[in-house]
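Just below is one structure, and these are the notes that go with it.
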Amino acid sequence: MDLHDKKMDLATHGVRILFFALVIVFLASLLYGLKELAVPFSIAFLLSIFLNPAVDFFEGLGINRVLSVMVVLLLLVGGVYVILALLIPPLTAEAQKFAAELGQLANILPDLIQSAREKLEFILPDTYRTIKIDIPWLVDLVLGPVKNSNLLASIPNLITYSIITPIVLFIFLLQGDEIFRGVMALVPNRFFEMTLLITHQIRYGIVSYLKGLSIQIAILSCIFIPGFWIIDLPYAPVLALFAAAVNIIPYVGPAMGAAPVVAVALLTGNGLLLPSLIVIGIGQGVDNAFTQPVVLARSVDVHPIVAVLAVITFQQWMGFVGMVIALPLAGIMVMTIQTMYRSLKSFGVI
218 MDLHDKKMDL ATHGVRILFF ALVIVFLASL LYGLKELAVP FSIAFLLSIF LNPAVDFFEG
278 LGINRVLSVM VVLLLLVGGV YVILALLIPP LTAEAQKFAA ELGQLANILP DLIQSAREKL
338 EFILPDTYRT IKIDIPWLVD LVLGPVKNSN LLASIPNLIT YSIITPIVLF IFLLQGDEIF
398 RGVMALVPNR FFEMTLLITH QIRYGIVSYL KGLSIQIAIL SCIFIPGFWI IDLPYAPVLA
458 LFAAAVNIIP YVGPAMGAAP VVAVALLTGN GLLLPSLIVI GIGQGVDNAF TQPVVLARSV
518 DVHPIVAVLA VITFQQWMGF VGMVIALPLA GIMVMTIQTM YRSLKSFGVI
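Here the sequence shown is numbered in the working numbering, starting from 218 and rising by one per residue.
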């Protein structure tokens with residue numbers, strides 16, 4: 218290859234990289250300008266990676282791609298509908314009763330604190346006996362976000378998500394491979410292997426993480442539901458499923474799940490606080506000793522500081538959904554940077 222051909226090859230790679238960068242900038246600008254669409258697109262992207270093997274399975278049986286996608290989506294929607302039809306009515310009734318009685322906490326909490334003070338008065342220093350707690354301020358601090366949240370304002374977003382997410386998911390499942398091949402065609406040959414390795418690791422990591430979350434929620438539900446039922450805690454199914462679901466949020470999830478359990482135990486009395494904490498402790502013990510190190514650790518390896526920063530950042534941008542998907546997205550970013558660094562260094566680029 219003479220000098221002219223080398224210059225032409227370099228110019229071609231430069232044009233490809235420039236075009237690819239412009240596409241990324243355009244998509245990033247589009248997502249930044251349409252923050253509301255980031256949630257349904259992210260959900261659809263994660264679900265498409267998780268459901269794509271099922272579509273490939275049906276396609277391997279001789280069914281064309283369109284029908285395979287429709288079969289998978291129908292099975293998904295049908296399964297979700299059956300689960301919701303069985304669980305939503307009783308859970309809704311329990312949740313409404315729980316929300317109505319939660320306001321009583323502001324009236325009961327002062328008596329509980331005073332009772333605790335009287336029982337512990339002989340071991341408390343004089344300084345702590347004179348401390349006064351502003352109960353209305355404390356309750357407003359804890360329950361303020363719930364009381365002040367405008368549920369009606371969130372209905373349009375829910376409708377938008379329920380319409381856009383299935384459409385985007387259908388497109389990803391139907392043409393995901395074509396989109397992937399089109400993107401890979403833009404990658405210069407020198408970086409093709411590196412890019413292919415990164416995408417493979419991303420797919421594997423997401424699928425493994427979603428499977429791990431499903432196992433985590435199932436295990437915690439199997440511990441919390443019978444545990445709360447045995448100790449006769451009111452609203453046991455609602456509290457158990459909520460605690461198991463929010464536990465997938467890194468670091469803050471366990472506290473979010475335990476808070477309503479403690480509130481109900483305090484409202485009910487009858488010595489339910491300690492048994493409730495024991496059940497939560499058993500669930501968290503199993504989760505920390507088995508689920509996270511055995512099931513989840515293999516799919517996402519993120520430093521705790523990075524994980525906390527990711528949770529805060531994505532929560533500010535995407536709300537509750539951002540907190541849920543913060544850890545896998547942070548893992549993808551870290552893994553991508555590490556793989557790119559090793560590959561570019563081996564190629565002598567850096």
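No residue lacks a Cβ here, since even glycine has one placed at the ideal position from N, Cα and C.
I need the straight-line Cα distance from S431 to W534, nearest angstrom please. Within the sequence shown, residue 431 is the residue found at index 214, counting from 1. Within the sequence shown, residue 534 is the residue found at index 317, counting from 1. S431 and W534: Cα-Cα distance of roughly 25 Å.
Classification of P257 by the beta-carbon crowding that lies within 10 angstroms, buried from 16 upward: Position 40 of the sequence shown, counted from the first residue, corresponds to residue 257. So P257 counts as buried.
Tell me whether the beta-carbon of I440 lies closer than 7 Å to the beta-carbon of G500. Within the sequence shown, numbered from 1, the residue matching residue 440 stands at position 223. Within the sequence shown, numbered from 1, the residue matching residue 500 stands at position 283. Closer than 7 Å, so yes.
What does a CB cutoff of less than 8 Å around E276 pick up in its chain, not counting 5 residues either side in sequence? In the sequence shown, counting from the first residue as 1, residue 276 sits at position 59. So the qualifying residues of the chain are R282, S285.
For the candidate residues L386, G279, V242, whose alpha-carbon lies nearest to that of L291? Locating residue 291 in the sequence shown gives position 74, counting from the first residue. Answer by Cα proximity: L386.
My output table needs one value for Y298: the three-state DSSP class, helix, strand or coil. Position 81 of the sequence shown, counted from the start, is the residue given in the question as residue 298. Y298 falls in the helix class under three-state DSSP.
Measuring only the C-alpha atoms, how far is V478 from S493? Walking along the sequence shown from the start, residue 478 turns up at place 261. Walking along the sequence shown from the start, residue 493 turns up at place 276. The alpha-carbon atoms of V478 and S493 are separated by roughly 7 Å.
If we ignore side chains and look at the alpha-carbon of each, how far apart do F262 and L483 end up? To locate residue 262, count along the sequence shown from 1; it is residue 45. To locate residue 483, count along the sequence shown from 1; it is residue 266. Taking the straight line joining both Cα atoms gives about 42 Å.
Helix, strand or coil for N505? Go by DSSP, reduced to three states. In the sequence shown, counting from the first residue as 1, residue 505 sits at position 288. Collapsing the DSSP output to three states places N505 in a helix.
Please check the pair S438 and A461, which I expect to be a contact at CB under 8 Å, by giving their CB distance rounded to whole angstroms. One-based indexing of the sequence shown puts residue 438 at position 221. One-based indexing of the sequence shown puts residue 461 at position 244. S438 to A461, Cβ: 4 Å. Contact.
Taking the alpha carbon of A475 as the reference point, which residue from R407, F445, Y298 has its own alpha carbon closest? Taking the first residue of the sequence shown as 1, we reach residue 475 at position 258. Nearest C-alpha to A475: F445.
Below 8 Å, can you find three or more Cβ-Cβ pairs linking the segment 419–433 to the segment 540–548? Flag = yes, the segment 419–433 and the segment 540–548 touch.
Using the Cα positions of T416 and L489, report the straight-line distance between them to the nearest angstrom. Locating residue 416 in the sequence shown gives position 199, where the first residue counts as 1. Locating residue 489 in the sequence shown gives position 272, where the first residue counts as 1. Each residue's Cα considered, the two are about 49 Å apart.
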